[in-house]
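In the working numbering, each number is its position in the sequence shown, counted from 1, plus 37.
A quick write-up on the structure given underneath.
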Amino acid sequence: MIPVLPFDELPDGTARCVDVAGRQVALVRIGTTVHAVDDQCSHAKVSLSDGDVWPDACTIECPRHGSAFSLTDGSPDTLPATRPIAVHRVDIIDGMINVEVAE
Ligand code: FES
């Protein structure tokens, strides 16, 4: 696990891109839960952390073409994206968000 950001610095309902061991990861906070997924859309080189977070659906929407990716399993809900993005493990330890990058 790698400490990446204090929990308090990620406002509820927002996403932020962080570098985790050379990989760009989008942290997404929904309430007291933080999700971590690959920041790059699986359709093209677009940063998902620039897109909208949909707390009720637990998804983040690509700002370019609108595919929304599940924050729990990485799958896109609509075309044009067809491939999932990687989902990473998150632990909040002493107020710090820690991420373990998936293989
Ligand atoms: S670049 Fe993300 S859906 Fe097309």
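Beta carbons are placed, not taken as given, at the ideal position from N, Cα and C, and that holds for glycine.
Please state whether DSSP places residue i in a helix, a strand or coil.
{"i": "F112", "result": "In the sequence under discussion, the amino acid at residue 112 is Ser, which differs from the Phe named in the question. Reduced to three states, the DSSP call for S112 is coil."}
{"i": "S84", "result": "strand"}
{"i": "E46", "result": "helix"}
{"i": "T96", "result": "strand"}
{"i": "M38", "result": "coil"}
{"i": "C78", "result": "coil"}
{"i": "A63", "result": "strand"}
{"i": "R120", "result": "coil"}
{"i": "D89", "result": "coil"}
In this structure, what does DSSP give as the bridge partners for residue i?
{"i": "T69", "result": "Partner(s): none; T69 has no beta bridge."}
{"i": "S107", "result": "T96"}
{"i": "E137", "result": "R126"}
{"i": "D56", "result": "Q61"}
Report the rounded CA-to-CA distance for residue i versus residue j, giving the unit in angstroms.
{"i": "P121", "j": "S79", "result": "7 Å"}
{"i": "P48", "j": "C54", "result": "13 Å"}
{"i": "A94", "j": "S107", "result": "8 Å"}
Residues around ligand 1, please: the ones whose beta-carbon is closer than 7 Å to some heavy atom of it, in chain order.
Those residues placing their Cβ nearer than 7 Å to any heavy atom of ligand 1 are, following chain order, C78, H80, A81, V83, C99, R101, H102, G103, S104, P117 and A118.
Between the stretch 108-116 and the stretch 127-137, can you find at least three pairs of beta-carbon atoms closer than 8 Å?
Too few Cβ pairs lie closer than 8 Å, so no.
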